[in-house]
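Add 3 to a position in the sequence shown, counting from 1, and you land on the number used in the numbering used here.
Don't be surprised by glycine CBs; every beta carbon is placed ideally from N, CA and C.
This structure is a prediction, so every number in the text was calculated from the model and none was measured.
As structure tokens, the structure follows; a few thoughts come after it.
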Amino acid sequence: MTISPAAPAGTAPEPLPVQPPSGCPFDPPAAFGTLRTERPISKISLPDGSWTWLATRYSDIRAILGDLRFSSDTTLHGYPLSGMTGGGNTENRGFIRMDPPEHTRLRRMVTREFMVKRVEALRPEIQRLTDELCDAMERRTGEDVDLIEALALPVPSLVISLLLGVPYDDHDVFQRLTGTLLSRTVPDDEREAARVELRDYLDQLVTAKEAAPGDDILGRLITEQQRTGEISHDDVAAFAALLLIAGHETTANMIGLSALTLMLDPGSAERLRQEPGLIRGAVEELLRFHSIIRNGPRRVATADIEIDGHLIRAGEGVVTAVPSANRDESVFADADRLDVCRPNAQHHVAFGYGIHQCLGQALARVELQVVIGTLLRRFPALRPAVPVEEIPFRTDMAIYGCHALPVTW
Ligand code: HEM
4 MTISPAAPAG TAPEPLPVQP PSGCPFDPPA AFGTLRTERP ISKISLPDGS WTWLATRYSD
64 IRAILGDLRF SSDTTLHGYP LSGMTGGGNT ENRGFIRMDP PEHTRLRRMV TREFMVKRVE
124 ALRPEIQRLT DELCDAMERR TGEDVDLIEA LALPVPSLVI SLLLGVPYDD HDVFQRLTGT
184 LLSRTVPDDE REAARVELRD YLDQLVTAKE AAPGDDILGR LITEQQRTGE ISHDDVAAFA
244 ALLLIAGHET TANMIGLSAL TLMLDPGSAE RLRQEPGLIR GAVEELLRFH SIIRNGPRRV
304 ATADIEIDGH LIRAGEGVVT AVPSANRDES VFADADRLDV CRPNAQHHVA FGYGIHQCLG
364 QALARVELQV VIGTLLRRFP ALRPAVPVEE IPFRTDMAIY GCHALPVTW
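Structure below.
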């Protein structure tokens with residue numbers, strides 16, 4: 004196979020395609036479709052003026068994410084930084100930004116907490132929380148209700164707070180700080196201030212838990228790992244930051260987008276109401292269709308690596324466009340259509356691929372199945388309270404979704 008440069012010499016790389024302000028709000032940027040067929044590994048420019056590779060095909064993205072020579076270490080020279088990845092900040096990175104063997108060692112400490120069996124045991128509690136929030140929504144019949152505030156954000160926030168042992172009463176603090184950290188548009192100094200505030204908050208929380216560790220994830224990390232000298236106080240705080248941030252914003256946005264899609268597709272909604280057994284497959288399809296991690300995951304090559312005939316040199320970065328992989332026609336027929344009965348939807352890469360594949364995926368699945376199933380059952384007349392064009396989509400955030408979703412029924 005010949006090694007070819009991706010862009011003709013002298014051609015300035017295009018900026019990373021982002022969600023267009025117009026067009027179907029659920030579709031990834033149209034440019035991805037063209038890139039997949041014409042330049043599946045292409046050069047793009049980043050806001051800081053540097054360039055990086057952009058991979059848009061399903062097979063190339065799996066090859067990159069499955070190859071340990073592509074590093075997740077954000078401190079390495081050439082890593083394509085975004086606001087979300089937190090600059091070259093070395094402090095409290097969390098294992099999502101580490102490579103083996105440290106990544107393996109730390110991830111193993113919490114793997115069992117998120118295993119399917121463990122998470123399935125939480126289903127009744129997740130159902131109970133969802134029912135309570137739906138009861139509160141029902142009491143507001145006749146009003147316009149923001150579905151994000153009333154249901155989509157509280158369910159995953161409550162669940163992850165409970166699992167970690169973080170007081171839910173502090174949700175205003177961690178939701179506000181997460182919002183700032185994941186924004187692509189806030190100035191760097193504001194994002195840095197949010198990072199420091201979250202670090203201080205979690206630092207105090209871990210100190211309090213060291214004195215009285217509870218029967219929760221942070222408590223177990225303290226008694227089983229910190230007290231035996233495997234990890235430090237700061238490591239426990241880093242676990243807390245990663246799990247707290249990863250554990251609520253993502254699922255909340257998936258719930259919001261999924262609910263809206265089904266409101267706009269009454270045929271699919273009715274099918275799921277008639278055959279609730281289809282909900283598991285439908286959630287996989289919604290994950291594929293929406294791919295809320297819009298501009299990642301990202302990696303940096305630690306060796307010269309050939310991908311699909313292109314040479315990516317050591318020290319060069321790669322953005323793998325998961326939304327593009329999940330709309331790749333060579334894997335998913337009629338990929339731009341939502342098909343709640345799609346036979347291979349579960350092959351999506353919305354949770355990533357390889358050793359960093361989402362640790363919380365079983366939890367996210369149960370939360371989505373419960374919340375979407377309950378909404379369909381209890382609010383069959385649910386509809387947007389404003390025209391779709393007026394819904395504030397999160398085009399400014401690293402995780403796509405809606406800032407607010409006014410609904411009525
Ligand atoms: C729909 C919801 C979610 C989506 C779409 C999602 C997506 C992802 C993706 C794409 C990655 C891979 C990042 C990479 O390769 O660099 C990831 C990693 C991760 N996710 Fe999720 N996630 C979701 C929910 C959750 C939840 C509920 C948790 C709960 C704690 C969680 C915890 C994590 C952690 C800890 C990692 C890092 C894994 C590692 O580096 O080994 N996620 N997620």
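Beta-carbon spacing of residue i, residue j below 8 Å
i	j	result
A240	D206	yes
V209	L221	yes
L265	A272	yes
I47	P16	yes
G404	I295	yes
V158	L132	yes
P118	A367	A small correction: the amino acid at residue 118 is Met; Pro does not occupy that position in the sequence shown. No, they are not a contact pair.
R297	P326	yes
N329	V343	no
G69	G357	yes
A1	T226	With the chain running from 4 to 412 in the structure shown, residue 1 is simply not present.
P28	F292	no
R301	P20	no
L184	L408	no
S261	I375	yes
R110	D331	no
S62	D399	no
L156	A249	no
G284	A196	no
L245	G97	yes
D268	L180	no
D147	A388	yes
I44	H313	yes
D30	D339	yes
Continuous beta strand (DSSP E) stretch holding residue i: start and end
i	result
T411	P409 to T411
A304	R301 to A304
A58	W54 to A58
L290	Per DSSP, L290 belongs to no beta strand (DSSP E); it is in the alpha helix (DSSP H), I282 to H293.
L314	H313 to I315
I220	No beta strand (DSSP E) holds I220; the alpha helix (DSSP H) holding it covers I220 to R223.
E309	I308 to I310
Chain-order list of residues whose beta-carbon lies under 8 Å from that of residue i (same chain, five-residue window excluded)
i	result
V2	Because the chain in this structure spans residues 4 to 412, residue 2 falls outside the shown range and cannot be described.
R386	M266, V410, T411 and W412
R115	R121
F73	I67, R302, V303, A304, T305, I308 and V321
D219	L165, L166, L167 and G168
A139	A153
V369	V122, E123, L125, R126 and I129
Residue range of the unbroken alpha helix (DSSP H) whose run includes residue i
i	result
E41	A34 to E41
S160	P157 to L167
E370	Q364 to R381
L265	H236 to L267
T323	Not the alpha helix (DSSP H): T323 falls in the beta strand (DSSP E), residues G320 to T323.
I64	Y61 to L68
I47	Premise fails: I47 lies in the beta strand (DSSP E), I44 to S48, not in any alpha helix (DSSP H).
A139	R126 to E141
G182	H174 to L184
E227	Neither: E227 is in no alpha helix (DSSP H) and is coded neither H nor E.
R198	D191 to A214
Other residues of its chain near residue i: CB distance less than 6 Å, five sequence neighbours each side excluded
i	result
T88	With a pLDDT of 46 at T88, under the threshold of 50, the predicted position of this residue should be treated as unreliable, though the coordinate-derived value follows. Cβ neighbours of T88 beyond the five flanking positions: T77.
R391	It is Val, not Arg, that sits at residue 391 in the sequence shown. Contacts found: none.
G91	Note that G91 has pLDDT 47, beneath the 50 cutoff, so the model's placement of it is unreliable and no number is given.
Q229	V239
H251	P159, S160 and I163
Option in the options with minimal Cα separation from residue i
i	options	result
V113	I310, C361 and V389	C361
G270	P383, R198, E105 and D173	P383
H236	A211, I99 and G320	A211
H350	G299, L289 and R108	L289
V373	L224, S75, L136 and D339	L136
S75	G52, A153, G299 and P279	G299
D307	D30, D51, L71 and E287	L71
I394	E123, L245, N347 and G259	G259
L154	E319, V389 and L378	L378
R380	D339, H406 and G280	G280
A317	Q228, W56, A34 and T37	W56
M257	E278, D238, V286 and R230	V286
I234	E105, S85, I99 and A34	E105
T188	S85, G36, A34 and L314	S85
Residues near residue i in its chain [Cβ-Cβ closer than 7 Å; skip 5 each side]
i	result
T253	I295, A367 and I402
P18	I47 and S48
R282	Note on residue identity: the sequence assigns Ile, not Arg, to residue 282. Closer than 7 Å at the Cβ level, and outside the excluded window around I282, lie L275, Q372, I375 and G376.
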